[in-house]
Each structure stands twice: as structure tokens, then as C-alpha cells.
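For reference, the structure is listed below as C-alpha cells.
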Amino acid sequence: MHKYWFYIGWFPIRSYSTLFLLAFILGLGFTIYLMKVEKKERYIPAWLDLGPLLFFGGVIGARIWQVFFFDWSFYSKHPDQIIAVWHGGLSIQGGIVGAIITGWIFAKIKKIPFWELADMAAPGLLLGQSIGRDADFMNGSAYGSPTGSDFGILYPVGTLAREQYGNHPLWPAMLWEGQADILLFAILMILKLKKWPTGWLFVYYMISYNLVRFFLEMLRGDSPRFLFHWDAAQWTAIPMVVAGVLAGIWLWWDEYRRKAATAKDSITATD
Numbered sequence: 079m080h081k082y083w084f085y086i087g088w089f090p091i092r093s094y095s096t097l098f099l100l101a102f103i104l105g106l107g108f109t110i111y112l113m114k115v116e117k118k119e120r121y122i123p124a125w126l127d128l129g130p131l132l133f134f135g136g137v138i139g140a141r142i143w144q145v146f147f148f149d150w151s152f153y154s155k156h157p158d159q160i161i162a163v164w165h166g167g168l169s170i171q172g173g174i175v176g177a178i179i180t181g182w183i184f185a186k187i188k189k190i191p192f193w194e195l196a197d198m199a200a201p202g203l204l205l206g207q208s209i210g211r212d213a214d215f216m217n218g219s220a221y222g223s224p225t226g227s228d229f230g231i232l233y234p235v236g237t238l239a240r241e242q243y244g245n246h247p248l249w250p251a252m253l254w255e256g257q258a259d260i261l262l263f264a265i266l267m268i269l270k271l272k273k274w275p276t277g278w279l280f281v282y283y284m285i286s287y288n289l290v291r292f293f294l295e296m297l298r299g300d301s302p303r304f305l306f307h308w309d310a311a312q313w314t315a316i317p318m319v320v321a322g323v324l325a326g327i328w329l330w331w332d333e334y335r336r337k338a339a340t341a342k343d344s345i346t347a348t349d
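This is the structure we're talking about:
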């Protein structure tokens with residue numbers, strides 16, 4: 079756990095921000111690599127244009143989510159801190175929402191099928207998110223609640239976790255989430271070996287990641303709890319799972335309808 083790598087004069091080089099940036103570059107790089115492997119080089123220029131937009135759209139969405147859904151009680155009293163992304167952190171779920179909106183606008187402008195772009199992005203998203211949780215660990219944030227035993231992470235003096243829970247080992251919630259992301263990534267790469275309706279790979283990402291996030295949030299100790307003793311991340315995860323299921327049903331129906339129409343046209347042309 080090490081918040082700062084070094085200083086350039088008075089300016090700190092933070093482990094969180096550097097790992098966050100490296101996670102994004104890794105995810106984007108892997109996406110472009112897959113385009114080459116899958117003979118989809120025609121999309122590479124679009125991804126090179128879209129990449130920086132996704133980064134800024136994701137950061138904006140992540141900060142909005144963090145401020146208004148996770149810690150509004152603090153930011154409502156300290157509005158000057160809202161844009162201080164180096165204080166208070168970012169929300170992965172908000173970043174995904176911001177990236178989805180950015181990607182949808184880009185796809186509309188460039189006339190590229192949105193769900194194709196989304197499928198291409200899914201593996202890189204999971205890969206990048208796994209590294210992002212390492213950034214949380216280095217920062218001493220996104221920590222768990224006390225395990226009630228000798229098992230767990232004992233945070234050093236000076237971290238928020240130590241201030242809140244003292245000399246108590248905490249659940250390694252963020253590390254387990256990063257490991258789960260790698261497992262979900264591996265499953266997704268296996269799924270890619272088979273042909274699926276366009277958009278289903280991204281739907282798999284939406285449903286699987288948010289289900290994992292929902293259950294691991296039960297171990298978190300850094301977030302306020304609301305109705306059902308759920309925190310903001312859990313209340314975000316459930317609508318995303320529902321949206322993923324509905325999107326999957328709609329995409330399947332749309333694929334079926336188009337195939338049926340094509341078959342009907344073929345029969346008509348033969349007659």
C-alpha cells in the first residue's frame with residue numbers, strides 16, 4: 079500500500095492515478111489487439127479516435143456517480159471539492175455509464191453499430207477494471223469491513239481504513255473483485271469462440287460484473303448503507319443487471335426477427 083510513487087517538486091505522482099491510467103491503456107490496447115486478431119482492422123481508426131473520448135467521458139461519469147450517489151452528504155457541504163477528482167475517488171459503475179453514453183454518441187455520429195462497438199469493448203473493460211482495483215488497494219481505498227478474525231488486510235496508519243476500524247483485519251473486497259474480473263474476462267474470451275447475437279457479449283459483461291459487484295459489496299466497510307442495508311454500489315448494480323437482461327432479450331428478439339425476415343424474403347424471391 080503506497081499512495082505516492084515519488085514527488086516532482088511539490089507535485090505528487092500518485093499510485094492510484096498512474097495505475098488507473100495504465101489500466102485504461104491496457105484495456106484499449108487489448109481491444110485494438112483483438113481487432114487485428116479477429117480481422118476487424120477497419121475498426122481500429124475508430125477506436126483510436128474513440129479511446130480518448132471514452133477516457134474523459136468515463137472520468138466525468140465516474141466523478142458524477144461518486145459525488146451524487148456515493149458521498150453527497152459530504153459534497154453538498156463542500157461543493158468546492160466536487161471537481162477535485164484527486165480527493166474522494168471515482169466510481170467504476172459511473173465510469174461505465176459515462177463511457178456507454180460517450181460510445182453511443184460516437185457510434186451515432188460515425189454511423190457505426192453501437193452494439194458491435196460494445197461487444198468489442200467488453201474484454202478490455204474487464205481487464206482494465208481488474209487493474210483498477212489494484213489502484214484502489216495501493217490507495218488504501220474501497221476497503222472492506224472487519225472480518226472478526228485474524229484473516230484480512232491490516233491497513234497501515236494514515237489510511238482511512240485504519241482511522242475507521244483501527245487494528246482490525248478487513249475483508250479484501252477490492253482484491254477479490256479484481257480477481258473476479260479476471261475470471262469473468264477468461265469466461266468471456268471462451269464465449270467469444272462461439273457466434274452470439276450482436277451485443278450479447280457486452281450484456282454478459284453487464285450482468286456478470288454487476289452481480290459480482292452486488293455480492294462483494296456486502297463485505298465493504300467504506301460506504302453508507304441505505305434501504306435493505308444496501309450501499310450505493312448495490313443500488314446501482316441491480317438496475318444494471320435488470321437493464322442487461324432486458325437488453326439481452328431485446329437483442330435476441332431483434333436477431334430472430336431479422337433472420338425471419340431474411341428467410342421470408344429468400345422464399346419470396348425463389349417463388
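Those letters in the sequence shown? Residues 79 to 349, per the working numbering, in order. For each residue, glycine too, the CB sits at the ideal point set by N, CA and C.
Quiz prompt | C-beta contact flag for Gly206 and Leu104 at 8 angstroms | solution = Sequence index remark: in the sequence shown, residue 206 carries index 128 (1-based). Sequence index remark: in the sequence shown, residue 104 carries index 26 (1-based). Against a cut-off of 8 angstroms, the Cβ pair of Leu104 and Gly206 comes out as a contact.
Quiz item: Roughly how many whole angstroms lie between the Cα atoms of Tyr94 and Asn217?
Solution: Translated into positions along the sequence shown, residue 94 becomes position 16. Translated into positions along the sequence shown, residue 217 becomes position 139. Distance between the alpha carbons of Tyr94 and Asn217 is about 6 angstroms.
Quiz item: Where does Ile161 sit, in a helix, a strand or coil, going by DSSP?
Solution: Position 83 of the sequence shown, counted from the start, is the residue given in the question as residue 161. Residue state for Ile161 is assigned as coil, using DSSP reduced to three classes.
Practice problem: Report the rounded CA-to-CA distance for Ala124 versus Phe98, giving the unit in angstroms. | Solution: If you number the sequence shown from 1, residue 124 lands on position 46. If you number the sequence shown from 1, residue 98 lands on position 20. Near 23 angstroms, if we compare the C-alpha coordinates of Phe98 and Ala124.
Self-check item: Residues of its chain near Ile142, where Cβ-Cβ distance is below 7 angstroms and the 5 sequence neighbours each way are ignored
Solution: For the purposes of this step, residue 142 is taken as residue 64 along the sequence shown, with counting starting at 1. Hits under 7 angstroms: Gly172.
Self-check item: Which listed residue (Lys189, Leu132, Phe152 and Met198) has its alpha carbon closest to that of Val281
Solution: Within the sequence shown, numbered from 1, the residue matching residue 281 stands at position 203. Among Lys189, Leu132, Phe152 and Met198, the Cα nearest to that of Val281 belongs to Met198.
Exercise. Indicate whether Phe192 and Leu128 have their beta-carbon atoms separated by less than 8 angstroms.
Key: Residue numbering aside, residue 192 sits at position 114 when the sequence shown is read from its first letter. Residue numbering aside, residue 128 sits at position 50 when the sequence shown is read from its first letter. Against a cut-off of 8 angstroms, the Cβ pair of Leu128 and Phe192 comes out as no contact.
Self-check item: Bridge partners - Ile231, DSSP secondary structure assignment
Solution: Mapped onto the sequence shown, residue 231 falls at position 153. Bridge partners of Ile231 according to DSSP: Leu248.
Quiz item: Out of curiosity, what's the CA-to-CA distance linking Pro317 and Trp88?
Solution: The sequence position of residue 317 within the sequence shown is 239, counting from 1. The sequence position of residue 88 within the sequence shown is 10, counting from 1. Going by the C-alpha atoms only, they are around 43 angstroms apart.
Quiz item: Counting along the chain, where does the alpha helix (DSSP H) carrying Phe98 start and finish?
Solution: Sequence index remark: in the sequence shown, residue 98 carries index 20 (1-based). Run containing Phe98: Ser93 to Val115, per the alpha helix (DSSP H) assignment.
Quiz prompt | Segments assigned alpha helix (DSSP H), at least 4 residues, entirely inside the segment 257-325 | solution = Runs of the alpha helix (DSSP H) lying entirely within the segment 257-325, each at least 4 residues long, are 278-294 in chain order.
Quiz item: Is the segment 241-258 touching the segment 303-312, taking contact as three or more C-beta pairs under 8 angstroms?
Solution: A contact between stretches requires three or more CB pairs, one per stretch, nearer than 8 angstroms, and the segment 241-258 fails this requirement with the segment 303-312.
Quiz prompt | Pairwise C-alpha distance: Leu168 and Gly176 | solution = Counting from 1 along the sequence shown, the entry for residue 176 is found at position 98. Counting from 1 along the sequence shown, the entry for residue 168 is found at position 90. Taking the straight line joining both Cα atoms gives about 12 angstroms.
Quiz prompt | Whole-angstrom distance between Ala101 and Asp212, CA atom to CA atom | solution = Numbered from its first residue, the sequence shown carries residue 212 at position 134. Numbered from its first residue, the sequence shown carries residue 101 at position 23. For Asp212 and Ala101, the distance between alpha carbons rounds to 10 angstroms.
Exercise. With DSSP collapsed to three states, give me the class of Pro191.
Key: Stepping through the sequence shown from its first residue, residue 191 is reached at position 113. The answer is coil: DSSP assigns Pro191 none of H, G, I, E or B.
Quiz item: From which residue to which residue does the beta strand (DSSP E) around Tyr82 run?
Solution: Within the sequence shown, numbered from 1, the residue matching residue 82 stands at position 4. That run of the beta strand (DSSP E) goes Tyr82 to Ile86.
Quiz item: Got a sec? Which residues, its chain only, sit under 8 angstroms from Pro247 by beta carbon, not counting five neighbours each side?
Solution: Your numbering for residue 247 matches position 169 in the sequence shown. Correct list, in chain order: Pro224, Thr225, Ser227, Asp228, Phe229, Gly230, Ile231 and Leu232.
Quiz item: To which residues of the same chain is Ile285 closer than 6 angstroms at the C-beta, ignoring the five residues directly before and after it?
Solution: Sequence index remark: in the sequence shown, residue 285 carries index 207 (1-based). The beta carbon of Ile285 lies closer than 6 angstroms to those of Val319 and Gly322 in the same chain, with the five residues before and after it left out.
Exercise. Kindly identify the DSSP beta-bridge partner or partners of Pro90.
Key: Translated into the one-based positions of the sequence shown, residue 90 becomes position 12. According to the DSSP secondary-structure assignment, Pro90 is paired through a beta bridge with Tyr85.
Quiz item: Is it the case that the Cβ atoms of Gly135 and Thr180 are separated by a distance below 8 angstroms?
Solution: Against the sequence shown, residue 135 aligns to sequence position 57. Against the sequence shown, residue 180 aligns to sequence position 102. Inclusion of Gly135 and Thr180 in the CB contact set at 8 angstroms is warranted, their separation being smaller than that value.
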